[in-house]
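> Using my numbering, you'd call the opening residue of the sequence shown number 25 and step up by one each time.
Backbone N, C-alpha and C define an ideal beta-carbon position, used for all residues, glycine too.
This structure is a prediction, so every number in the text was calculated from the model and none was measured.
Here it is, the structure in full.
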Amino acid sequence: MRHPAKGRTRISKQPDGDLARSAGDWGGADPFAPDFRDNPYPALNQLRERHPGNLTPLGTGRMSRYDAVATTFKKAQTSMTLAAGPAPNFDPEDTRGSCLECMLKQDGPAPVRRRRLAMQSRAHNTARQMAAEVAQSVTRAMDQALKQGRMEIVADLAHHLPSRMMCRIMGVPLQARDLCNEWTAARTNAFSARFCPPRSSSVRATRVTQWPLILRCWCASGGSA
Numbered sequence: 025m026r027h028p029a030k031g032r033t034r035i036s037k038q039p040d041g042d043l044a045r046s047a048g049d050w051g052g053a054d055p056f057a058p059d060f061r062d063n064p065y066p067a068l069n070q071l072r073e074r075h076p077g078n079l080t081p082l083g084t085g086r087m088s089r090y091d092a093v094a095t096t097f098k099k100a101q102t103s104m105t106l107a108a109g110p111a112p113n114f115d116p117e118d119t120r121g122s123c124l125e126c127m128l129k130q131d132g133p134a135p136v137r138r139r140r141l142a143m144q145s146r147a148h149n150t151a152r153q154m155a156a157e158v159a160q161s162v163t164r165a166m167d168q169a170l171k172q173g174r175m176e177i178v179a180d181l182a183h184h185l186p187s188r189m190m191c192r193i194m195g196v197p198l199q200a201r202d203l204c205n206e207w208t209a210a211r212t213n214a215f216s217a218r219f220c221p222p223r224s225s226s227v228r229a230t231r232v233t234q235w236p237l238i239l240r241c242w243c244a245s246g247g248s249a
């Protein structure tokens, strides 16, 4: 989601709780509706056809057509945050960890520079160096699928392969990959923490405290812990 650039459009304080869910027009694609969570595709298809540029009750914009997305990123004066500064999905009480300072959710030259530096780790040369391991991982996944006669495409391939490669880039030992995935997912929920259930918020807070500790342990052990 992108937001009107600060200084261009003033957005009032976002509503909380149930009020946020009923204060505006979701264009028929309300992410809080149970039927949307069960099967979002019909609503998203309708949104793309009827409201390709949808301003949600939270003050965020949803672009559902490629040309609109491309124009927004390349030409529109938009911002990663609301007029007052915070991202609309963040929990205002979530002040621990680095999520509030995440480069993905900030504007300005410094975060842009950091994002560009991070993208270099996924550059063509880096991908080419991992090509053999990617091919081996895909082959193993397909062989296992043929043996079992089925494949859970997300868990066995779409999630497994990128997480394996990212852990390699970051130097996370293979035996810690599942733990890294679990903790990363919990922390990533902070991007929508305002709407996460209490248990998810509790788990996330615990991970924020423990994450630096396990990173220090990995570094102290030379990546073998």
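#1: Among the residues of its own chain, which have a CB less than 6 Å from the CB of A67, if the five just before and after it don't count?
#2: Using three-state DSSP, classify M127 as helix, strand or coil.
#3: Could you name each continuous beta strand (DSSP E) segment of 3 residues or more that falls completely within the region 66-109, going from the start of the chain to the end?
#4: Anyone know if the C-beta pair for A159 and D180 falls short of 8 Å?
#5: Thinking just about the alpha-carbon of each residue, which of L170, T208, M175 is nearest to the one in S187?
#6: Quick one: Cα of V93 to Cα of P133, how far?
#7: Using 8 Å as the threshold, is the C-beta distance between W50 and T80 below it?
#8: Let's see if you can read the secondary structure: which residues bound the alpha helix (DSSP H) around A142?
#9: Between P64, R89, I193, which has its C-alpha nearest E157's C-alpha?
#10: Tell me which same chain residues have a C-beta within less than 8 Å of the C-beta of R45, skipping the five on either side of it?
#11: Does Q199 get closer than 8 Å to chain B when you measure Cβ to Cβ?
#12: For the alpha helix (DSSP H) that contains D59, what are its first and last residues?
#13: Nearest to G83 by CA position, among M143, H148, L71, S103, is which residue?
#14: Starting from the Cα of T150, find the closest Cα among S88, P64, M189 and give me that residue.
#15: Using the Cα positions of R74 and P135, report the straight-line distance between them to the nearest angstrom.
#16: Where A182 and T163 are concerned, what is the direct C-alpha to C-alpha distance, given to the nearest angstrom?
#17: Does DSSP put D180 in a helix, a strand or coil?
#18: Roughly how many angstroms separate the alpha carbons of A155 and L71, rounded to a whole number?
#19: If we call anything under 8 Å between Cβ atoms a contact, is L198 one with S161?
#20: Have a look at Y65 and R86 and give me their C-alpha separation to the nearest angstrom.
#21: With DSSP collapsed to three states, give me the class of A159.
Taking the coordinates as given:
#1: Counted from its first residue, the sequence shown places residue 67 at position 43. The residues are G52, A53, F60.
#2: On the sequence shown, residue 127 is found 103 positions in, with the first residue counted as 1. Note: M127 maps to helix in three-state DSSP.
#3: 77-79, 85-87
#4: For the purposes of this step, residue 159 is taken as the residue at position 135 of the sequence shown. For the purposes of this step, residue 180 is taken as the residue at position 156 of the sequence shown. One thing to note: A159 has its Cβ no nearer than 8 Å to the Cβ of D180.
#5: Residue mapping note: residue 187 aligns to position 163 of the sequence shown, counting from 1. Measuring from the Cα of S187, the nearest candidate turns out to be T208.
#6: On the sequence shown, residue 93 is found 69 positions in, with the first residue counted as 1. On the sequence shown, residue 133 is found 109 positions in, with the first residue counted as 1. Roughly 21 Å separates the two Cα atoms.
#7: The residue given as residue 50 occupies position 26 in the sequence shown. The residue given as residue 80 occupies position 56 in the sequence shown. Against a cut-off of 8 Å, the Cβ pair of T80 and W50 comes out as a contact.
#8: Stepping through the sequence shown from its first residue, residue 142 is reached at position 118. Run containing A142: 133-144, per the alpha helix (DSSP H) assignment.
#9: Sequence index remark: in the sequence shown, residue 157 carries index 133 (1-based). Closest by alpha carbon: I193.
#10: Taking the sequence shown and counting its residues from 1, one reaches residue 45 at position 21. At R45, the pLDDT of 40 sits below 50, so the modelled position is not reliable; the number obtained from the coordinates is stated separately. Around R45: D54, F56, P81.
#11: Included in the structure is just one protein chain, with no chain B present.
#12: As a working mapping, residue 59 is identified with position 35 in the sequence shown. That run of the alpha helix (DSSP H) goes 58-62.
#13: As a first step, residue 83 must be located in the sequence shown, where it is residue number 59. Nearest C-alpha to G83: S103.
#14: Translated into the one-based positions of the sequence shown, residue 150 becomes position 126. Ranking the options by Cα distance to T150, first place goes to M189.
#15: As a position in the sequence shown, residue 74 is number 50, starting the count at 1. As a position in the sequence shown, residue 135 is number 111, starting the count at 1. Distance between the alpha carbons of R74 and P135 is about 34 Å.
#16: Counting from one through the sequence shown, the residue named residue 182 turns up at place 158. Counting from one through the sequence shown, the residue named residue 163 turns up at place 139. Each residue's Cα considered, the two are about 13 Å apart.
#17: Translated into the one-based positions of the sequence shown, residue 180 becomes position 156. Of the three classes helix, strand and coil, the one that applies to D180 here is helix, per DSSP.
#18: Within the sequence shown, numbered from 1, the residue matching residue 155 stands at position 131. Within the sequence shown, numbered from 1, the residue matching residue 71 stands at position 47. Roughly 38 Å separates the two Cα atoms.
#19: As a first step, residue 198 must be located in the sequence shown, where it is residue number 174. As a first step, residue 161 must be located in the sequence shown, where it is residue number 137. No, these two residues do not count as a Cβ contact at 8 Å.
#20: Stepping through the sequence shown from its first residue, residue 65 is reached at position 41. Stepping through the sequence shown from its first residue, residue 86 is reached at position 62. So the two alpha carbons sit approximately 15 Å from each other.
#21: Numbered from 1 along the sequence shown, position 135 holds the residue referred to as residue 159. Helix.
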